[in-house]
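Have a look at the structure below, then the notes.
Here it is in structure tokens:
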């Protein structure tokens, strides 16, 4: 999958002259609520024989707006990009949600996208807005699609079996409350904590991770049974202790393979709170 940075994109024209099918959003997860949107884009791309793409952000715009009060992302950028590639997307445009970008009007944003990646199909959620002070919504995109000659779909929200709107916010709340079963139901797969790029402090057989190094949402302080997915491909049971400042990962007594300070952990999957 090709990665295109926004700052590079705006210098180009007609990168995909044949046209593209795309969606735009934070896609934090991505989760089950995104499935209908992403599926619509992939089907349109196949039908029209054009590349399928995602326009998204390095980090959720919400994290920028909320600042220090932001609880954390559902997934890291690397996790999202892996999901997009696995689903069959040809490219992803990555945007840094800076103060300057936040001031851009929606009409200007879409004018750039139409000129550079030649949108032929666009699908977004029914509550989609973009642009300075949310100046562009679904109604505006319907008019723009007619004027600029591309197909547009507004996809309705998806709800869980418990009649809960599937959203990144609902997943954050589930993880924070240590309801990992609900988080899995909303995501469509288990919640994973990506620690591959975090440098831990290693002491004997305990991994210590500074909390500020973690950009994802964390469950409340406590001790958790979890699974560690190692760089070697092995999966072992571990115990994770979360405090105000640290995550301490130690081997469960039932772990079938050695766990030392040199063990390289790729991801952690929380099972339950002890």
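Residue numbers (the working numbering): 12 to 285. Think of the CB as a built atom: it goes at the ideal place given N, C-alpha and C, for glycine as much as any other residue.
Return the chain-ordered list of same chain residues with a C-beta closer than 7 Å to the C-beta of residue i, the five sequence neighbours on each side being excluded.
i	result
residue 186	194, 202, 228 and 230
residue 43	169, 177, 197, 198 and 199
residue 81	73 and 74
Going by DSSP in three states, residue i sits in which element: helix, strand or coil?
i	result
residue 72	helix
residue 254	coil
residue 63	strand
residue 122	helix
residue 146	coil
residue 117	helix
residue 275	coil
residue 29	coil
residue 175	coil
residue 131	strand
residue 284	strand
residue 230	coil
residue 40	coil
residue 136	strand
Assuming the contact rule is C-beta atoms closer than 8 Å, residue i and residue j should be a hit. Round their C-beta distance to whole Å, please.
i	j	result
residue 135	residue 276	About 36 Å; that fails the 8 Å criterion.
residue 161	residue 131	5 Å
residue 64	residue 33	5 Å
Less than 6 Å between C-beta atoms, sequence neighbours within five positions excluded: which residues of the same chain meet that for residue i?
i	result
residue 240	246, 277 and 278
residue 110	none
residue 212	219
residue 95	65 and 103
Can you give me the start and stop residues for the alpha helix (DSSP H) that residue i sits inside?
i	result
residue 112	110 to 113
residue 180	179 to 187
residue 193	191 to 198
residue 237	Note, residue 237: premise wrong, no alpha helix (DSSP H); beta strand (DSSP E) at 233 to 241.
residue 105	That residue, residue 105, is in no alpha helix (DSSP H); its beta strand (DSSP E) goes 102 to 106.
residue 88	88 to 98
Provide the residue span of the beta strand (DSSP E) that contains residue i, from first to last.
i	result
residue 213	212 to 214
residue 13	13 to 16
residue 220	217 to 221
residue 165	162 to 166
Can you list, in chain order, the residues of its chain whose CB lies under 8 Å from that of residue i, leaving out five sequence neighbours each side?
i	result
residue 115	142 and 143
residue 238	246, 247, 248, 249, 279, 280 and 282
- prompt: Would you call the segment 90 to 108 and the segment 60 to 80 touching, i.e. three or more CB-CB distances under 8 Å?
  reply: yes
query: When the Cβ atoms of the segment 152 to 172 are set against those of the segment 34 to 48, are three or more pairs found closer than 8 Å?
result: yes
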